[in-house]
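Numbering (my numbering), first residue to last: 4 to 95. Take a look at the structure set out below.
The structure is reproduced here in structure tokens:
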């Protein structure tokens, strides 16, 4: 698994849903608010997950890079969680 991953098919409305759902379900804070690039920070019981993100509304994609993660959290767990949130928001 790579430390960076791009997800396609993420429209501006899906992106807003992803941020809101991530905050509600995992306490993920996207900073700065309303920006297309920045960081997403999630505190877990095993430590902090810190990602950089770059949302591109023109190509309907968002790229994430793992900056920091606890040893017990695998990259695939992070990517699968993001993908599940995007899929859930795509169905709304």
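The beta carbon of each residue, even a glycine, is placed where N, CA and C say it ideally should be.
Could you pull the start and end residues of the beta strand (DSSP E) that residue i belongs to?
i: residue 53; result: 50 to 59
i: residue 95; result: First-last for residue 95: undefined, no H or E at that position.
i: residue 7; result: 7 to 11
i: residue 68; result: 64 to 71
Nearest CA to the CA of residue i: which residue from the options?
i: residue 75; options: 62, 52, 24 and 27; result: 52
i: residue 90; options: 6, 14 and 7; result: 14
i: residue 111; options: 33, 77, 79 and 16; result: Since the displayed the chain opens at 4 and closes at 95, residue 111 lies outside it and no answer follows.
i: residue 21; options: 48, 73 and 37; result: 37
i: residue 6; options: 93, 84 and 71; result: 71
i: residue 42; options: 50, 49, 31 and 88; result: 31
i: residue 44; options: 18, 59 and 67; result: 67
Pull the bridge partners of residue i from the DSSP assignment, please.
i: residue 34; result: 42
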